[in-house]
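Asks: One structure follows; several queries about it will come next.
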Amino acid sequence: MNKIKQIPVLERVAKANEIFVNEIRENFRKNDIICFNIMGSPGCGKTTFIENTILKLKDKKKIAVIEGDLATTIDAERIRDLGVDVFQINTGAMCHLDARLIREALAKMDLSNIDLLFIENVGNLVCPSSHDLGEDYRIILASVPEGPHKPKKYPVIYKEADVVVITKADLLEHFPDFTVETLFGHAKEIKPDIITFKVALKGKEIIMDEWIQWLLNAKPNNR
Ligand SMILES: Nc1nc2c(ncn2[C@@H]2O[C@H](COP(=O)(O)OP(=O)(O)O)[C@@H](O)[C@H]2O)c(=O)[nH]1
Ligand SMILES: [Mg+2]
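In this note's numbering, the protein residues as written are 56 to 278.
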């Protein structure tokens, strides 16, 4: 009988990724950098979240950003305008960032001048969850207009997240089916120890102090 031939491509890709991740992590530890991978659907408020975090912490911490988008430098320009180092990765047709791309970006950045590194992942609730970037924390954003069932519909990304942030909390009054308790409850069913915050970055009252306090106390986390 003919033998089935196997090409161990996936295994090799996984091995290469692991090597890149270890190298990235070593670089972060050597340079005292804590890295946050910001994930969520397109339009959930990732760039706005990073912008407002920068505005709060710019005087206390040295911040840099890696922006992942299929195309354009629109988000990177928003960050650059705040006077922060930013590196744009355009992934073309790829729906996530991977460790190889992050490694290439880091090689072009001044790591000795960074305390906190934010990576804005490509807007997507599926692909980024299975790609380790060497980050210390995975932060998943869930905006109020998206409804309260995202954790149930996209459990993998929630299972892999360390923190969930409800964004656009200023819109809660317009979305009566969305309660903070419902979304956090669903997220905790999937990941019982997930850390929870809510933010409102537009409207009358800006809410983000609890997130900022947590961020200031975040420790390196080889996940
Ligand atoms: N009402 C409200 N709108 C927000 C908030 N955060 C972001 N937005 C809006 O949501 C839209 C998408 O935001 P953006 O940060 O570009 O999302 P991204 O695609 O996830 O990076 C923009 O029009 C923002 O002004 C918020 O807290 N409240
Ligand atoms: Mg964005």
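Cβ atoms here follow ideal geometry from the backbone N, Cα and C, with glycine treated the same way.
Owing to the predicted nature of the structure, the values given are computational and were not obtained by experimental measurement.
With 16 other CB atoms within 10 Å as the buried threshold, where does A34 fall?
Replies: With the chain covering only 56 through 278, there is no way to say anything about residue 34.
Asks: Any residues whose CB sits closer than 6 Å to a heavy atom of ligand 2? List them in chain order?
Replies: This criterion selects K101, T102, D130 and E175.
Asks: Does the distance from the CB of R133 to the CB of E175 come in under 8 Å?
Replies: The residue labelled residue 133 in the question sits at position 78 within the sequence shown. The residue labelled residue 175 in the question sits at position 120 within the sequence shown. Going by C-beta atoms, R133 is not nearer than 8 Å to E175.
Asks: For W269 and I59, what's the separation of their Cα atoms in angstroms?
Replies: Walking along the sequence shown from the start, residue 269 turns up at place 214. Walking along the sequence shown from the start, residue 59 turns up at place 4. Taking the straight line from one Cα to the other gives about 53 Å.
Asks: Check whether the segment 112-128 touches the segment 146-164, counting contact only when three or more Cβ pairs, one atom from each stretch, lie closer than 8 Å.
Replies: Result yes; three or more Cβ-Cβ pairs closer than 8 Å.
Asks: Determine the contact status of I194 and N92, defining contact as a CB-CB distance below 8 Å.
Replies: Looking up residue 194 in the sequence shown gives position 139. Looking up residue 92 in the sequence shown gives position 37. Yes, the pair counts as a contact, with Cβ atoms nearer than the cut-off.
Asks: Tell me, please, whether the segment 78-95 touches the segment 231-245 by the rule of three or more beta-carbon pairs shorter than 8 Å.
Replies: Too few Cβ pairs lie closer than 8 Å, so no.
Asks: Have a look at K253 and A216 and give me their C-alpha separation to the nearest angstrom.
Replies: As a first step, residue 253 must be located in the sequence shown, where it is residue number 198. As a first step, residue 216 must be located in the sequence shown, where it is residue number 161. When rounded, the distance between both Cα atoms is 15 Å.
Asks: When the Cα atoms are used, what is the spatial distance from N277 to N77?
Replies: On the sequence shown, residue 277 is found 222 positions in, with the first residue counted as 1. On the sequence shown, residue 77 is found 22 positions in, with the first residue counted as 1. Whole-angstrom Cα-Cα distance: 10 Å.
Asks: Shorter than 7 Å, the distance from the beta carbon of D225 to the closest heavy atom of ligand 1, or not?
Replies: For the purposes of this step, residue 225 is identified with residue 170 of the sequence shown, where counting begins at 1. Checking the Cβ of D225 against ligand 1 gives yes.
Asks: For the pair the segment 68-84 and the segment 181-188, tell me if three or more CB-CB distances fall below 8 Å.
Replies: As far as the Cβ criterion goes, the segment 68-84 touches the segment 181-188, which means the pair count is three or higher.
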